[in-house]
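Below: one structure, written as structure tokens.
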Amino acid sequence: MKLSLPLVLASQSPRRSELLAQLVNDFSVRAAHIDEVRQAGEAPADYVARLAREKAQAIVPLAPGQWVLGSDTIVTLGQQIFEKPVDEQDCINMLSQLSGQTHQVLTAVALCNGQQIHQQTVTTQVTFRQLSEAEIVAYWHTGEPADKAGGYGIQGLAGSFVAHISGSYSAVVGLPLCQTQQLLKAVSKES
Ligand SMILES: Cc1cn([C@H]2C[C@H](O)[C@@H](COP(=O)(O)OP(=O)(O)OP(=O)(O)O)O2)c(=O)[nH]c1=O
Numbered sequence: 043m044k045l046s047l048p049l050v051l052a053s054q055s056p057r058r059s060e061l062l063a064q065l066v067n068d069f070s071v072r073a074a075h076i077d078e079v080r081q082a083g084e085a086p087a088d089y090v091a092r093l094a095r096e097k098a099q100a101i102v103p104l105a106p107g108q109w110v111l112g113s114d115t116i117v118t119l120g121q122q123i124f125e126k127p128v129d130e131q132d133c134i135n136m137l138s139q140l141s142g143q144t145h146q147v148l149t150a151v152a153l154c155n156g157q158q159i160h161q162q163t164v165t166t167q168v169t170f171r172q173l174s175e176a177e178i179v180a181y182w183h184t185g186e187p188a189d190k191a192g193g194y195g196i197q198g199l200a201g202s203f204v205a206h207i208s209g210s211y212s213a214v215v216g217l218p219l220c221q222t223q224q225l226l227k228a229v230s231k232e233s
């Protein structure tokens, strides 16, 4: 059922490791440290795809045929992009705007072997119920929002904020299982 291929996950995210372990028998993990700065005029889909690609390219494959997987997740609401909140006020600002609204979660995956790149971006629509400010503040103090795009984790306490989701749940958590499996299957045939 699981795939076997020489693979490195270029991520510090424990969620991405857990999700990838559902698809692949064995892989190593090396965090990719890149600057996550949006270029002037860069569209959200271009930005998230570039970050996933840069993470994959930041790790040099150790052996010929080895693939490196990079991924990035952002939250968008209208023209705004929400990444990880820098502090409590930033998180309150993000979650207040997400309250009672439908936003998009974009997760990009890139697979690179030093020569070729295969990549895909998955968009999921998430609708939050109304959140009170007291609830948002209490949620910040659980510690859960700090390392998550948009300041929430659907897989944790913020699961109860979600009135509706359309798309890929695993992509919101950080790695779209179905689409990543398709990419991995395609490159397995090449390696
Ligand atoms: C919206 C949402 C995001 N997230 C996470 C997924 C990503 O780990 C994180 C967004 O930050 P990213 O910069 O995409 O990833 P990361 O810094 O955690 O890990 P790395 O760059 O090393 O791969 O937010 C959740 O866990 N649950 C959610 O509901």
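So the sequence shown is numbered by my numbering: it starts at 43 and just counts up by one.
Just so you know, even glycine gets a beta-carbon here, dropped at the ideal spot from N, CA and C.
Computed from a predicted model, the values in this text were never measured in an experiment.
* Asked: Taking the beta strand (DSSP E) that D77 falls in, what are its first and last residues?
  -> Your numbering for residue 77 matches position 35 in the sequence shown. That residue, D77, is in no beta strand (DSSP E); it is neither H nor E in DSSP.
* Does the Cβ of I116 lie closer than 8 Å to at least one heavy atom of ligand 1? -> On the sequence shown, position 74 is the one that residue 116 refers to. Yes.
* Drop a sphere of 10 angstroms on the beta-carbon of C220, count the other beta-carbons inside from all chains shown, and report buried for 16 or more, exposed for fewer. => Here residue 220 refers to the residue found at position 178 when the sequence shown is read from its first residue. Looking at its Cβ environment, which holds fewer than 16 other Cβ atoms inside 10 Å, C220 is exposed.
* **Beta-carbon spacing of T115, T149 below 9 Å** => In the sequence shown, counting from the first residue as 1, residue 115 sits at position 73. In the sequence shown, counting from the first residue as 1, residue 149 sits at position 107. It is a contact, given that the beta carbons lie within the stated cut-off.
* Closer than 8 Å: L93 CB and nearest ligand 1 heavy atom -> Counting from 1 along the sequence shown, the entry for residue 93 is found at position 51. Yes, the Cβ of L93 comes within 8 Å of a heavy atom of ligand 1.
* CB of Y194 to nearest heavy atom of ligand 1: below 8 Å? -> Residue 194 sits at position 152 when you count from the first residue of the sequence shown. Yes, Cβ of Y194 sits closer than 8 Å to a heavy atom of ligand 1.
* Could you have a look at Q157 and say whether DSSP puts it in helix, strand or coil? => Taking the sequence shown and counting its residues from 1, one reaches residue 157 at position 115. Q157: coil per DSSP, three-state reduction.
* Got a sec? Which residues, its chain only, sit under 8 Å from Y89 by beta carbon, not counting five neighbours each side? -> As a working note, residue 89 is residue 47 in the sequence shown. If we look at Y89 and ignore the five residues flanking it on each side, its Cβ neighbours are R80, Q81, I116, I123.
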